[in-house]
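Protein sequences, first through last, are from chains D and W. Oh and the first sequence: position 19 is 19 in my numbering, straight run, nothing missing. Oh and the second sequence: position 110 is 1110 in my numbering, straight run, nothing missing.
Protein chains: 2
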Amino acid sequence: MIILSKLADYGVIVATHMAAERDRQANAAAIAAATRLPQATVAKVLKALAHKGLVTATRGATGGYRLARAAGAISLAEVVAAIDGDIGLTQCSVHAAGCARTNYCPTRPHWAVVNRAVGEALSAVSLDDMRASQAFAAYPPATAAPPQPEPPRYSA
Amino acid sequence: MIILSKLADYGVIVATHMAAERDRQANAAAIAAATRLPQATVAKVLKALAHKGLVTATRGATGGYRLARAAGAISLAEVVAAIDGDIGLTQCSVHAAGCARTNYCPTRPHWAVVNRAVGEALSAVSLDDMRASQAFAAYPPATAAPPQPEPPRYSA
DNA sequence: CATATAGAGGACCAATCTAGTACCAATTGG
DNA sequence: CCAATTGGTACTAGATTGGTCCTCTATATG
Chain D
1 MIILSKLADY
11 GVIVATHMAA
21 ERDRQANAAA
31 IAAATRLPQA
41 TVAKVLKALA
51 HKGLVTATRG
61 ATGGYRLARA
71 AGAISLAEVV
81 AAIDGDIGLT
91 QCSVHAAGCA
101 RTNYCPTRPH
111 WAVVNRAVGE
121 ALSAVSLDDM
131 RASQAFAAYP
141 PATAAPPQPE
151 PPRYSA
Chain W
1001 MIILSKLADY
1011 GVIVATHMAA
1021 ERDRQANAAA
1031 IAAATRLPQA
1041 TVAKVLKALA
1051 HKGLVTATRG
1061 ATGGYRLARA
1071 AGAISLAEVV
1081 AAIDGDIGLT
1091 QCSVHAAGCA
1101 RTNYCPTRPH
1111 WAVVNRAVGE
1121 ALSAVSLDDM
1131 RASQAFAAYP
1141 PATAAPPQPE
1151 PPRYSA
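Structure follows, in structure tokens:
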């Protein structure tokens, strides 16, 4: 299962890229080129980030985007939530009102714990952390991963 | 954003229900009635759980399912992985080989940390934990499904 | 042995969601 | 004014998902 949508993933890539040059302003096209992502899609992602106030936008000629805060003060949770919406494991975590089971579902109360754990995991990592470099070289090359033994692996 | 698919959510509900009566064997229809989930879908979920060895199936007349292990020894991570597949935040976490960005993507190495945190959050909760406690008293009788002209929508 | 029951394993479909694009309005610098 | 750039929305093709159904195999029982 994939947890993040592609767009949210792009969001993180874009935001991380911006964190690398926080004080410089860049327009959508430049960011798309730098990250090698489709330009129109990057523009869409940036709009979402701007909407949530994670980046500030300047319109008009010579306009562009820059991070609204220090890279260390923006967490993955915020970036992801800006694009994919608030984080919840189950439907009822996000739209409790819409669940007909709410009244008798015995599992519901327990999701909150896991929910919080996931949220904290995403909140604990800032753009600065994502940007930090060293692991780049150390990370294994992209060769196909060997078949893994059972049960759940959280690949990577 | 919703992290679990509906099917995975159902899986947890079904597994939790089975944990409540671990030694009793029940067939798919009975479990569907007790959990008020669509029967054919519950059957599908149970097959997936059986495939991963989380429940054991007995075929034939008087057949059915039961948990393969103690409820305390089955984690949410396993149930979810049985249905939604292995857990990964991003595409590249699950299918690293398929990502053209792999070679230069600077964010990739950092997902592993978050990935593991999410996995651990799901691994830390057992079916016993989900079942534990209060909310259960309110749960309607398990075996005799109350007359239901129309199945309720739990699309949430 | 015959029959009814129940899971195994797919095939299939409709509905929804997603990624990506396109378009036009608003804003700003030159 | 003109060009560049974001804001916002609408749209489409394709993928994904939830849900159903059908056929095959295994088992209990009379």
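Glycine included, C-beta positions come from ideal geometry on N, C-alpha and C.
Residue i: contacting residues in chain D (beta-carbon distance under 9 angstroms)
i	result
Gln1091 of chain W	Ile2, Leu4, Lys6, Asp9
Ala1121 of chain W	Val113, Val114, Asn115, Arg116, Ala117, Val118, Glu120, Ala121
Pairwise C-alpha distance: residue j and residue i
i	j	result
Arg108 of chain D	Val94 of chain D	12 angstroms
Gln25 of chain D	Ala57 of chain D	9 angstroms
Pro1141 of chain W	Ala1034 of chain W	Residue confidence for Pro1141 of chain W is low, a pLDDT of 36 falling below 50, so the modelled location carries little weight; the figure read from the coordinates is stated next. Computed Cα separation, rounded: 7 angstroms.
Leu1037 of chain W	Asp1128 of chain W	21 angstroms
Ala117 of chain D	Gly1060 of chain W	42 angstroms
Ile87 of chain D	Met1130 of chain W	20 angstroms
Arg1022 of chain W	Gly1072 of chain W	11 angstroms
Ile1013 of chain W	His1110 of chain W	33 angstroms
Gln1134 of chain W	Ala1096 of chain W	Here Gln1134 of chain W scores only 41 on pLDDT, less than 50, and its place in the model is too uncertain to base an answer on.
Asp9 of chain D	Thr41 of chain D	12 angstroms
Pro106 of chain D	Cys92 of chain D	12 angstroms
Ala30 of chain D	Glu1120 of chain W	38 angstroms
Ala70 of chain D	Gly63 of chain D	20 angstroms
Proximal residues of chain W, C-beta to C-beta of residue i below 9 angstroms
i	result
Leu46 of chain D	Simply none; closest approach about 16 angstroms.
Arg131 of chain D	Pro1106, Thr1107, His1110
The ligand ADP heavy atom lying under 7 angstroms from the CB of residue i
i	result
Val42 of chain D	This structure simply doesn't include the ligand ADP, nor any ligand for that matter.
Beta-carbon gap between residue i and residue j smaller than 8 angstroms
i	j	result
Val79 of chain D	Ala20 of chain D	no
Gly1011 of chain W	Ala1077 of chain W	no
Val125 of chain D	Ser75 of chain D	yes
Ala1068 of chain W	Gly1085 of chain W	no
Val55 of chain D	Leu7 of chain D	no
Leu1004 of chain W	Thr90 of chain D	yes
Ala1028 of chain W	Ala1043 of chain W	yes
Met1001 of chain W	Arg1066 of chain W	no
Ser39 of chain D	Ala32 of chain D	Here the sequence assigns Gln to residue 39 of chain D, which means Ser is not the residue at that position. Yes; because the gap between Cβ atoms is below 8 angstroms, this pair is in contact.
Where residue i meets chain W, residues with beta-carbon distance less than 8 angstroms
i	result
Thr41 of chain D	Ordered by position in chain W, no residue passes the 8 angstroms Cβ test against Thr41 of chain D, which lies about 14 angstroms from the chain.
Ile87 of chain D	Met1001, Ile1003
Proximal chain W residues relative to residue i, where beta-carbon distance stays under 7 angstroms
i	result
Asp24 of chain D	It should be noted that the sequence gives Arg, not Asp, for residue 24 of chain D. Correct list: empty, because the minimum Cβ distance to chain W is about 17 angstroms.
Residue range of the alpha helix (DSSP H) that includes residue i
i	result
Ala20 of chain D	6 to 20
Met1130 of chain W	1127 to 1131
Ile31 of chain D	28 to 35
> Which runs of the alpha helix (DSSP H) fall wholly inside the stretch 49 to 124 of chain D and span at least 4 residues, in chain order?
Replying inline: Within the stretch 49 to 124 of chain D, the complete alpha helix (DSSP H) runs of at least 4 residues are 76 to 84, 91 to 94, 108 to 123.
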